Amino acid sequence: MTKRTLSILAAAALAAACTSETPEPAATSAPAAAEAMETAPPVLGGTKSTETPADFVTRINEEFDVLSRETAAASWVRANFITTDTARLAAKAGERRLAALSDAVEQSKAFNGQDMDPASARSLHLLKLETSMPAPNDDAKRAELTQLQTDMAGMYGAGKWCTDEGECKDLEELNRIMANSRDYDELKAAWTGWRTVSPPMRPMYQRFAELTEEGAQTLGFSDLGTMWRSAYDMTPEEFAAEAERLWSQVDPLYEQLHCYVRDELADYYGEDKVSRTGPIPAHLLGNMWSQQWGEIYDLVEPYPGETHLDVTETLKTAGYDEEKMVRTAEAFFVSLGMPDLPDTFYERSLIKKPADRDVICHASAWDMNPAEKDVRIKQCVEINEEQFVTLHHELGHIYYYLAYNHQPNLFRSGAHDGFHEGIGDTLNLSMTPDYYARLGLVEATEANEKAVINQQMKLALDKIAFLPFGKLIDQWRWGVFDGSISPEDYNKAWWELRTKYQGIEAPVERSEADFDPGAKYHVPGNTPYTRYFLAHILQFQFHKALCDTAGHEGDLYGCSIYGSKAAGEQLWAMMQAGISQPWQETLQAAIGTDQMDASAIIDYFAPLMGWLEEQNQGKTCGW
């Protein structure tokens, strides 16, 4: 979660840039959160009659700097010392900043219609987009909206499925079943069980949509979806069309992957359970939400027994500990010509799970105090490949913070919300066999065609399988927010979109008594989701541009920019701009185009696409 998408419930985590697409549910109980979120005293100075728009923007940036540091400190302590008291302090700090934001937006209305310089105009526009949950200009309704989101997130965070025998399982336990079980009925029970948590949210979400519509209208937007789509330096209508265009570029690859996976699942489970021509039952893809399919790699591996990259054991035998894992990731960025991390990074980050207390282990990057270059990560590092990859990703966020730390408060963010996630993932694409060989973790070998297909399949099950899911979450919400999806059709519309884009279906009959969107955290947590779709597009586009700059020759999937000062300079310049200008200008200056483009994905996965087309000959693809 970045500044651009602050919500009232999640205000306590303002400073954290949560890098996974599954943020931590709020730890604060509903009563505690409600108590903590008392009306905060005014924190901003009032607009002066002589104040110009530029003066106002300067003042707001300075005052928000102070409040951001306060919020960041409270959030950090809460994440590292989980108690009722730290949760209260974090919620209170977040509420103070939200009160300041509301006050600032009201003050900014004094400048409506005035001529002003482009930087001031952009700052005032971004100010209105600082929250993802605009509240009505009414104290009672504001309190109601806050309580609704607190309650919905609380339901999610405390959710459990209890069997008739009284055995209860939380989401973590159910996720393990979804990932590891290959029993059709056990998977169906876990999938269905988790969705017993969300039906009580249904009337609450309807009221939430009504209140946020009123809140968005106070800011000049027709509804919340329109407001979210206004954050991309194009009209909301243009952005919706742009998302659809990008999807059309990758849809053929997704369809081929779906066709192959469906056939393999039909072989494994039987055609009585998996149709070879219809949607795939949603509980068979290794993930509670069918958003990434990597956990079923063993069922669909192209060449069983052929090597696929995994350096977990060599990391251990090479003597890597938690700090060496982090310093090796740092060395990647330094090899690109970027600065060493500040000493305070290692003094203040949490990289090893404490033995004496509970902490939120979910990996995250933190921009605590830009003026002092106080940046940190919080990750309970384990010695394995997945954690090693995650560390490179997290440091992508950290170096983004350092690159734009000279910008004023309102400009310290990614060029749009897909950029921050996209940068971190771009570096992950350079973690190739050649990179690992240069670290001494694998033997340098010539590319093996079968091994390449295995590696590409493993990556595609996460990257390509995610794309339609990343798009449809917000497409459903846009419809809810603008009224084109009525409350009577919430679940129907949800499954229509999941079938249309993902080619999946519910394993059991669903009705409007259910509320399956609420079974995904980002819906009750009100976290915009299109950013993750965009990040998955941009990371390949960035990767190709940087590889070209680095002088890479050969297939794109084999490129690592490790050690390329030229690529590092290009990346640093792009990150330095923050959100100070339209993202199109930032992209044009960095890679020579002002358009997001998914063609690099097709280029990257060209070997797999050719292999899939061969495997799928004679099959009926699509659904």
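Each residue of the sequence shown is one higher than the one before, starting from 956 at the first, in my numbering.
Beta carbons: idealized from backbone N, C-alpha and C, even for Gly.
Computed from a predicted model, the values in this text were never measured in an experiment.
Kindly give me the distance between the Cβ atoms of residue i and residue j, rounded to whole angstroms, as I take these residues to be in contact under 8 Å.
i: residue 1111; j: residue 1476; result: 6 Å
i: residue 1343; j: residue 1180; result: Not really, about 38 Å apart at Cβ, beyond 8 Å.
i: residue 1370; j: residue 1532; result: 6 Å
i: residue 1108; j: residue 1461; result: Going by Cβ atoms, the distance from residue 1108 to residue 1461 rounds to 24 Å, so no, they are not a contact pair.
i: residue 1411; j: residue 1560; result: 6 Å
i: residue 1373; j: residue 1490; result: 5 Å
i: residue 1261; j: residue 1406; result: 6 Å
i: residue 1208; j: residue 1564; result: 6 Å
When you compare only the Cα positions, how much space is there between residue i and residue j?
i: residue 1229; j: residue 1126; result: 25 Å
i: residue 1428; j: residue 1421; result: 11 Å
i: residue 1324; j: residue 1256; result: 46 Å
i: residue 1327; j: residue 1359; result: 13 Å
i: residue 1172; j: residue 1085; result: 15 Å
i: residue 1102; j: residue 1239; result: 36 Å
i: residue 973; j: residue 1334; result: Interpretation of residue 973 is limited by its pLDDT of 40, a score under 50 that renders its predicted location unreliable; the figure taken from the coordinates is listed afterwards. So the alpha carbons of these two residues sit roughly 11 Å apart.
i: residue 1313; j: residue 1037; result: 6 Å
i: residue 1517; j: residue 1281; result: 16 Å
i: residue 1384; j: residue 1456; result: 25 Å
i: residue 1124; j: residue 1292; result: 48 Å
i: residue 1041; j: residue 1316; result: 16 Å
i: residue 1394; j: residue 1408; result: 23 Å
i: residue 1193; j: residue 1203; result: 15 Å
i: residue 1114; j: residue 1513; result: 43 Å
i: residue 1466; j: residue 1446; result: 7 Å
i: residue 1510; j: residue 1345; result: 24 Å
i: residue 1210; j: residue 1443; result: 31 Å
i: residue 1095; j: residue 1032; result: 31 Å
i: residue 1119; j: residue 1463; result: 18 Å
i: residue 1347; j: residue 1300; result: 15 Å
i: residue 1535; j: residue 1542; result: 12 Å
i: residue 1267; j: residue 1060; result: 50 Å
i: residue 1201; j: residue 1485; result: 12 Å
i: residue 1025; j: residue 1087; result: 20 Å
i: residue 1557; j: residue 1415; result: 11 Å
i: residue 1028; j: residue 1305; result: 14 Å
i: residue 1264; j: residue 1258; result: 13 Å
i: residue 1547; j: residue 1503; result: 12 Å
i: residue 1162; j: residue 1480; result: 15 Å
i: residue 1319; j: residue 1133; result: 25 Å
i: residue 1391; j: residue 1340; result: 11 Å
i: residue 982; j: residue 1381; result: Low confidence applies to residue 982: its pLDDT is 36, below 50, so where it sits in the model is not reliable enough to give any reading.
Measure the Cβ-Cβ separation of residue i and residue j and say whether it is below 8 Å.
i: residue 1434; j: residue 1448; result: yes
i: residue 1241; j: residue 1249; result: yes
i: residue 1135; j: residue 1243; result: no
i: residue 1539; j: residue 1188; result: yes
i: residue 1525; j: residue 1553; result: no
i: residue 1020; j: residue 1364; result: yes
i: residue 1356; j: residue 1336; result: no
i: residue 1212; j: residue 1235; result: no
i: residue 1440; j: residue 1431; result: yes
i: residue 1053; j: residue 1100; result: no
i: residue 1015; j: residue 1082; result: yes
i: residue 1090; j: residue 1148; result: no
i: residue 1493; j: residue 1215; result: no
i: residue 1389; j: residue 1515; result: yes
For residue i, which residues of its own chain have a beta-carbon under 7 Å away from its beta-carbon, when the five flanking residues on both sides are left out?
i: residue 976; result: Annotation note: pLDDT 45 at residue 976 (below 50); position unreliable, no value reported.
i: residue 1289; result: 1295
i: residue 990; result: With a pLDDT of only 41 at residue 990, under the threshold of 50, the placement of this residue in the model should not be trusted; the figure read from the coordinates follows. Closer than 7 Å at Cβ, skipping near neighbours: no residue.
i: residue 1218; result: 1231, 1574
i: residue 1308; result: 1314, 1316, 1335
Please return the same chain residues whose Cβ sits closer than 6 Å to the Cβ of residue i, not counting the five positions on each side in sequence.
i: residue 1555; result: 1495, 1496, 1499
i: residue 997; result: With a pLDDT of 43 at residue 997, under the threshold of 50, the predicted position of this residue should be treated as unreliable, though the coordinate-derived value follows. Here the set comprises nothing.
i: residue 1378; result: 1351, 1355
i: residue 1366; result: 1533, 1534, 1535
i: residue 1183; result: 1483
i: residue 1247; result: 1417, 1420, 1421
Residues in the same chain with beta-carbon distance under 8 Å from residue i, minus the five sequence neighbours each way, listed in chain order, please.
i: residue 1008; result: 1066, 1069, 1071, 1072, 1075, 1076, 1079
i: residue 1154; result: 1468, 1469, 1470, 1473
i: residue 1276; result: 1338
What residues are listed by DSSP as bridge partners for residue i?
i: residue 1305; result: 1333
i: residue 1236; result: 1460
i: residue 1437; result: Answer by DSSP bridge pairing: none, since residue 1437 is not bridged.
i: residue 1117; result: 1123
Within 7 Å: the Cβ of residue i and any heavy atom of the ligand FAD?
i: residue 1177; result: Only the bare structure without any ligand can be found here, which leaves the ligand FAD out of the picture.
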